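Below is one structure, written out as C-alpha cells, with a few remarks after it.
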Amino acid sequence: MRVLRFLLRRLLQLLPVLLGVVVLTFLLVRVLPGDPIRTILGPNATAEDAAAARARYGLDQPVWRQFLDYLGGLVTGDLGTSIQSGAPVAGELAVRIGPTLELVVIALALALVVATALGIWSARRAGRFGDHTVRIAALVGNSLPEFWLGLVLVLLGYSVLGWAPAPSGRVDPDTDLSLLTGADLLDAALTGNGPAFVSALHHLMLPVLTLAIVIVAPLLRSVRASALEVLASEAYAAAEAHGLRGRLLLRGYLLRATLVRLPALAALVFGFAIGSTVLIEYVFSWQGFGQWALRGLLYRDYPVVQASVLLIALFYVVVFLIADVVHAALDPRVRIS
Amino acid sequence: MTKDLRFASSLIVTGSVILAVVVLAALLAPLLTGWGPEEIDPAAPLAAPGGAHLLGTDLNGMDVWSRVLYAARLDLGVAVVAVALAVVAGSLLGLVAGYWGGWADDVLMRVVDVFQAFPTFILALAVAALFGGGTLNLVAVIALVNAPAYARLVRAEVRSIRELPYIEAARTSGAPPWGILWRHVLPNSLTPVRVIAPLNCGWAMLTLAGLSFLGLGVPVPGAEWGAMISLGTADVVAGRWWTSVPPGLFLLVCVLGFSLLGEGLQERADAVRR
Chain W
1 MRVLRFLLRR LLQLLPVLLG VVVLTFLLVR VLPGDPIRTI LGPNATAEDA
51 AAARARYGLD QPVWRQFLDY LGGLVTGDLG TSIQSGAPVA GELAVRIGPT
101 LELVVIALAL ALVVATALGI WSARRAGRFG DHTVRIAALV GNSLPEFWLG
151 LVLVLLGYSV LGWAPAPSGR VDPDTDLSLL TGADLLDAAL TGNGPAFVSA
201 LHHLMLPVLT LAIVIVAPLL RSVRASALEV LASEAYAAAE AHGLRGRLLL
251 RGYLLRATLV RLPALAALVF GFAIGSTVLI EYVFSWQGFG QWALRGLLYR
301 DYPVVQASVL LIALFYVVVF LIADVVHAAL DPRVRIS
Chain Z
1 MTKDLRFASS LIVTGSVILA VVVLAALLAP LLTGWGPEEI DPAAPLAAPG
51 GAHLLGTDLN GMDVWSRVLY AARLDLGVAV VAVALAVVAG SLLGLVAGYW
101 GGWADDVLMR VVDVFQAFPT FILALAVAAL FGGGTLNLVA VIALVNAPAY
151 ARLVRAEVRS IRELPYIEAA RTSGAPPWGI LWRHVLPNSL TPVRVIAPLN
201 CGWAMLTLAG LSFLGLGVPV PGAEWGAMIS LGTADVVAGR WWTSVPPGLF
251 LLVCVLGFSL LGEGLQERAD AVRR
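From first to last, the protein sequence lines stand for chains W and Z. Sequential numbering of the first sequence, starting at 1, is according to UniProt numbering. Sequential numbering of the second sequence, starting at 1, is according to UniProt numbering.
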C-alpha cells in the first residue's frame, strides 16, 4: 500500500516535467528549419495544393491554437495524425513499441545476469590474470560500435555459417502470427502459435546478442567496482572472520550488498540501450519504435516527433522510478516514504 | 599498490601507442596508398581485396584501404575538436556558476537537467536531424550534447575548492576574483576532466560514426568510417565483408585506444589517492 502511494505521488510530480517536454518539443520542432508538408507533396504540386494540405493538418492555424488542440487531444489519448501516413499516431505507436521493448528488455535481462556473475567473479580475483582479462574485455565492449557489431554478427551468423535468418523482419511471415502486442514472442505465446514462437526467437537471436554485448560492458564495470568495495568493507571482513561458509558469505553478504547500486545504473543503461536500439533496428530492419521515430524526425512529421520525444522522456523517468523502488527493496537502510 | 600502478601505466602506454599509430596512419595516408579517398576506379566496383586494391573497392569503385586511412583524419579530428570545445565551454560555465552561485547557477543547472533528461545519443540524433548534417554541424552537435556534463563536473569541484583555506588566504591577501579563479581554482578543478575527456573522445567518435551510419552525418562521398559501414550494409548479406569490416575495425581500435588511456588515468588517480 505504501509503495502504491509512493508511486502515485511520484507520478504526479512527474506531470510538470512531462508538460515541459511537450511544450518544448512542440515549439522547437516548429521553429527549426524543415517543412513536413513539402515532403508529402509531389514535385508538381502547386501553392494551392500545399495550402490545402496545410489546412488538412491544421497547420494553417496560429501556433497557440495548434498547441491547445494538441493538448486537448493528449488528455483524451489522441496523439494526432501522422502527416506522412495519414494514420492516427497512437495506433502506429502501439504496434511499434512492442518489438523495441521486447528487444531491449530481453537484452537488458541477459546483460544484468552476465554482468553480475562476471563482475563478482572478477572482483574476487582482483589484480590477477582472470580479472585483467575481464576488464580488458569490458573495455573492448565499451568501445564497440553497436551497428558494426550487428553487421559482423550478420556476416558470421547468416552469410558464413547460415545459422541466423536474414536481417530483415522479426518473424517468418509464413507462420501467420496474429498481431496483439507487437512483441512477437509474447504474441506467439499468447496465441499458442508454436512455429511463430520458434521463428521469433530465431530472429531475436542476433539483435539481442548485439545489444546485450554493448550494454553488458558498463554494467560489468560497475558491479566489479561495487563488489570490490564490499569485499574491503568492515561488515564483510567481520562476516568472514566469524567463519561463515563460502556460499552464505557469497549470497548473504557479497551479492546483495553489491547489487544495491545496480538499479540506478540499469536505469541509466536503459536510456543508453534506447539510443543503441535506433542503430540496431536499422541494421536488422526491425521496424520498431526507433526506426519509426527516426523517420518521423527526418520528415519533420510533427505529431510523430512529439509523440516519440514524449514517450522516451516518459519511459526514462518511469524506469528511474522503478529503479528507486527496487533499490529500496534491496537496501534495508532506504525507506520508501 | 605498485601492482595497481603498473597495470595503470600499461593501460596508458597501450592506449597512447594505439592512438599514435592511428594518427600516424592518418597523416601518412598519401604514402600508404596510391589511391585518393574519393578516386573512382570505373573498371572495378566491388572488387575483392588483393591486386590493385589492398582491401578491395566499394559499390562506387572507391578504394577501401585509402578511404579507411583518410577517414581517420575526419573521425579523429571531429571527435577531438568537439570534445575540446565541450570541455572549454562546459568548464567555463561550471567555473563561473560554481564560484559565484546565485541565480546564474540556478538557471545553468536547470538547463543542464533538461539536457540530461534524455539519453545522449538520442539527443545528438534529434539535434543532428533537425539542424542537418555536415562536418561543422556535427562538431557543434557533439560539443553541445557533451558540454553540460563538464559544466556539472567542474561546478561540483569548484564548490568544494572555493571553501578551502588557500582560496580564503588568496582572497584576504587582496587577489582579484578573476585572478583567483584563473590561477587557483581552475587548474585544480580540472582534475576529473582530465580523466573523463579521453573517454569522451572515444564516445564522440562512436556518436559521429553512428549519426553518419544513419545518414545524418558526413555527406557522400566523404570518407568517414560510419558512412563507409553504412554503404557496406547491403554487401554483408551477400558475404562481401571488405566494405564494412575494415572501417569498423579501425573505429573500434581507435575508440579502444581512448578507452585504455582513460581507464589507465582513472586507475592511476585511484591508486595514488589510496
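Heads up, the beta-carbon is just placed ideally off N, CA and C, and yes, glycines get one too. Since we're looking at a predicted model, the values are computed, not measured.
Report buried or exposed for Leu11 of chain W, applying the criterion of at least 16 other Cβ atoms within 10 angstroms of its Cβ. Exposed is the call here.
Arg73 of chain Z, enclosing alpha helix (DSSP H) - first and last residue: Its alpha helix (DSSP H) spans residues Val64 to Trp100.
Quick check on Ser259 of chain Z - is its C-beta less than 8 Å from some C-beta in chain W? Using a CB distance cut-off of 8 Å, Ser259 of chain Z counts as an interface residue toward chain W.
Measuring alpha carbon to alpha carbon, tell me which of Z:Glu38, Z:Ala147, Z:Gln116 and Z:Gly51 ends up nearest Val81 of chain Z. The shortest C-alpha separation from Val81 of chain Z is found at Z:Ala147.
Run the CB neighbour count on Trp35 of chain Z, radius 10 Å, all protein chains shown included, and call it buried at 16 or more, exposed below. It is buried - the Cβ of Trp35 of chain Z has at least 16 other Cβ atoms within 10 Å.
Quick one: is Phe129 of chain W near chain Z, going by C-beta distance under 8 Å? Not closer than 8 Å to any Cβ of chain Z, the Cβ of Phe129 of chain W fails to qualify, so no.
Can you tell which of Z:Ala271, Z:Thr2, Z:Val272 and Z:Ala8 has the C-alpha that lies nearest to the C-alpha of Arg135 of chain W? Ranking Z:Ala271, Z:Thr2, Z:Val272 and Z:Ala8 by Cα distance to Arg135 of chain W puts Z:Ala8 first.
Show which residues of chain Z have a CB atom less than 7 Å away from the CB atom of Trp163 of chain W. Simply none; closest approach about 14 Å.
Shortest alpha-carbon distance to Thr120 of chain Z belongs to which of Z:Thr191, Z:Asn200 and Z:Ala72? Taking the Cα of Thr120 of chain Z as reference, the smallest distance to any Cα among Z:Thr191, Z:Asn200 and Z:Ala72 is reached at Z:Asn200.
Proximity of Pro49 of chain Z and Asn60 of chain Z at Cβ, strictly below 8 Å: For Pro49 of chain Z and Asn60 of chain Z, no; Cβs fall outside 8 Å.
Given this structure, state the Cα-to-Cα distance separating Asp58 of chain Z from Leu153 of chain W, to the nearest angstrom. C-alpha separation (whole angstroms): 20 Å.
On the three-pair Cβ rule with 8 Å, is the stretch 189-203 of chain W touching the stretch 112-123 of chain W? Touching, no.
Cβ of Val105 of chain W within 8 Å of any chain C Cβ: Protein chains in the displayed structure are W and Z, and chain C is not among them.
For Leu74 of chain Z and Thr135 of chain Z, believed in contact at Cβ under 8 Å, the rounded distance: The beta-carbon distance between Thr135 of chain Z and Leu74 of chain Z, rounded to whole angstroms, is 7 Å. This is short enough to meet the 8 Å contact definition.
What residue does the alpha helix (DSSP H) around Ser189 of chain Z start on, and which one ends it? Unbroken alpha helix (DSSP H) run through Ser189 of chain Z: Leu186 to Ser189.
Tell me the start and end of each unbroken alpha helix (DSSP H) in the stretch 149-193 of chain W that is at least 4 residues and wholly inside, in chain order. Fully contained in the stretch 149-193 of chain W are the following alpha helix (DSSP H) runs of length 4 or more, in chain order: 184-190.
Which residues in chain Z have a C-beta closer than 9 Å to the C-beta of residue 338 of chain W? List them in chain order. Because chain W spans 1 through 337 in this model, residue 338 of chain W falls outside it and cannot be assessed.
For the stretch 161-189 of chain Z, which residues have a beta carbon sitting closer than 9 Å to at least one beta carbon of chain W? Here the close residues number zero.
Assigned secondary structure, His53 of chain Z (DSSP; H/G/I helix, E/B strand, else coil): In the displayed model, His53 of chain Z falls within a strand according to three-state DSSP.
Look at the Cβ atom of Ser308 of chain W, then the Cβ atom of Ala293 of chain W, and state whether they are nearer than 8 Å. In contact: Ser308 of chain W and Ala293 of chain W (Cβ atoms closer than 8 Å).
Out of Z:Thr14, Z:Gly94 and Z:Leu211, point me to the one whose CA is closest to Val78 of chain Z's CA. For the residues Z:Thr14, Z:Gly94 and Z:Leu211, the minimum Cα distance to Val78 of chain Z belongs to Z:Leu211.
Other residues of its chain near Ile161 of chain Z: CB distance less than 7 Å, five sequence neighbours each side excluded: If we look at Ile161 of chain Z and ignore the five residues flanking it on each side, its Cβ neighbours are Ile167, Val185, Asn188 and Ser189.
Cβ-based contacts, 7 Å cut-off: residues of the stretch 198-228 of chain Z near chain W: Against chain W - using a Cβ distance shorter than 7 Å - the residues of the stretch 198-228 of chain Z are Gly202, Leu206, Ala209, Gly210, Phe213 and Leu214.
Are three or more beta carbon pairs between the stretch 235-244 of chain W and the stretch 306-324 of chain W nearer than 8 Å? Pairwise C-beta distances place the stretch 235-244 of chain W out of contact with the stretch 306-324 of chain W, as fewer than three of them are shorter than 8 Å.
Listed by chain order, chain Z residues near residue 378 of chain W by CB distance under 9 Å: This structure gives no information on residue 378 of chain W, because the portion of chain W shown stretches from 1 to 337.
What is the DSSP secondary structure of Ile83 of chain W, counted as helix, strand or coil? Looking at Ile83 of chain W - three-state DSSP - the assignment turns out to be coil, as it is neither helix nor strand.
Would you kindly work out how many angstroms separate the C-alpha atoms of Leu153 of chain Z and Phe6 of chain W, rounded to a whole number? Within the model, the alpha-carbon separation for Leu153 of chain Z versus Phe6 of chain W is close to 31 Å.
Quick one: what's Pro88 of chain W bridged to in DSSP? The partner list for Pro88 of chain W (beta bridge, DSSP) reads W:Thr81.
Would you check if there are 3 or more beta carbon pairs closer than 8 Å linking the stretch 64-73 of chain Z to the stretch 242-252 of chain Z? A contact between stretches requires three or more CB pairs, one per stretch, nearer than 8 Å, and the stretch 64-73 of chain Z meets this requirement with the stretch 242-252 of chain Z.
Among the candidates W:Ala109, W:Thr100, W:Ser159 and W:Gly252, whose CA atom is the shortest distance from the CA of Ala266 of chain W? It is W:Ala109.
At a CB-CB cut-off below 8 Å, which residues of chain W make contact with Ala86 of chain Z? Under the 8 Å cutoff, chain W gives no residues; its nearest Cβ is about 18 Å from Ala86 of chain Z.
Beta bridge counterpart(s) of Ile40 of chain Z as assigned by DSSP: Ile40 of chain Z is bridged to Z:Met62.
At which residues does the alpha helix (DSSP H) containing Ala25 of chain Z begin and terminate? Per DSSP, Ala25 of chain Z belongs to the alpha helix (DSSP H) from Thr2 to Leu27.
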